[in-house]
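Sequential numbering from 311 applies to the sequence shown in this note's numbering. Idealized CB from N, CA, C, for every residue including glycine. Quick caveat, the model's predicted, so the values are computed rather than measured.
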Amino acid sequence: MTKRIPAFFLLCALPIAVSAQVQPPEDPVGQAVAAYFEKTFAGLKAVADKQPDKDTFRAAMKPLEETTDGFFGGSFIDTNFVIREVFYPRDFLARGFDLKKVRQLDHFWDLMRKDPSPQLSEPGHGNLVQPRLIAMRHPVLKDGQLAAVVSFFVRTEHFLKAVGLDNAKGYRITCRGAVAEEKGKLGGSPKSVTVALPENEWLIEYAL
311 MTKRIPAFFL
321 LCALPIAVSA
331 QVQPPEDPVG
341 QAVAAYFEKT
351 FAGLKAVADK
361 QPDKDTFRAA
371 MKPLEETTDG
381 FFGGSFIDTN
391 FVIREVFYPR
401 DFLARGFDLK
411 KVRQLDHFWD
421 LMRKDPSPQL
431 SEPGHGNLVQ
441 PRLIAMRHPV
451 LKDGQLAAVV
461 SFFVRTEHFL
471 KAVGLDNAKG
481 YRITCRGAVA
491 EEKGKLGGSP
501 KSVTVALPEN
511 EWLIEYAL
């Protein structure tokens, strides 16, 4: 049985390129997680580098959608942190939603204003209408200033498959001291790897 705990967006990378440190360095799951986010954030950075506006956002995001397994949707967010456009028309109700209403995000929006940087969510819980998702964001900069934020979601199960955890006997992902997702049984001697990105850290325990 899978246990899922609600989680909110966490700062995790630098505005130019995302890199990750793995401890122990040779751990295959840790290496796979680091490679996954480095590749995915590179794709999101390419979207941001096009400096899209709400009218060009979908075209800018299209290549990332086409090359990302489990892509679930995306959004264009203005500097007041209001969603101005969505990638899929089905998500039209999200247009105009003020993300500042989510109190748990206040600290991270403050960081985005002061030092615009990519952001990564912990694996988030799902519900009847929305699957488990991981969200990633990247600032759009113009003349060194924050002009907008581009964001997209990927299905958690696709991430787990990509890093080799989908068929594990058990795993537990802990972010900043809180369990974000766990499944199965770890047994008495699980493997443990820490994947650190700037200002965020995932502890992954698993038994294959």
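Item                                                                                            : Value
Alpha helix (DSSP H) segment containing Pro335, residue limits                                  : Careful: Pro335 lies outside any alpha helix (DSSP H) and carries neither H nor E.
Alpha helix (DSSP H) segment containing Lys471, residue limits                                  : 466 to 472
For Leu354, the nearest candidate out of Asp401, Leu430, Thr389 (CA to CA)                      : Leu430
Proximity winner among Gly494, Val473, Thr504, relative to Asp379 (alpha-carbon distances)      : Val473
Residue burial classification, Ile326 (beta-carbon count within 10 angstroms, cutoff 16)        : Caution applies to Ile326, whose pLDDT of 48 falls short of 50 and renders its modelled position unreliable; the value that the coordinates give is listed next. Ile326 is exposed by the Cβ-count criterion.
Span separating the alpha-carbon of Leu496 from that of Leu470                                  : 16 Å
Distance between Gln455 and Gly419 (C-alpha atoms, nearest Å)                                   : Here residue 419 is Trp; the residue named in the question, Gly, does not match the sequence. Going from the Cα of Trp419 to the Cα of Gln455 covers about 15 Å.
Option in Arg400, Phe382, Asp408 with minimal Cα separation from Arg394                         : Asp408
Rounded C-alpha distance that separates Asp416 from Ile387                                      : 15 Å
Beta bridge counterpart(s) of Arg482 as assigned by DSSP                                        : Glu492, Glu515
Simplified DSSP assignment, three categories, for Phe355                                        : According to the sequence shown, residue 355 is Lys rather than Phe. Helix at Lys355.
Proximity of Thr484 and Leu513 at Cβ, strictly below 8 Å                                        : yes
Three CB pairs or more closer than 8 Å across the segment 364 to 374 and the segment 342 to 356 : yes
Where the beta strand (DSSP E) containing Arg447 begins and where it ends                       : 443 to 452
Inter-residue spacing [alpha-carbon to alpha-carbon] between Gly340 and Asp359                  : 28 Å
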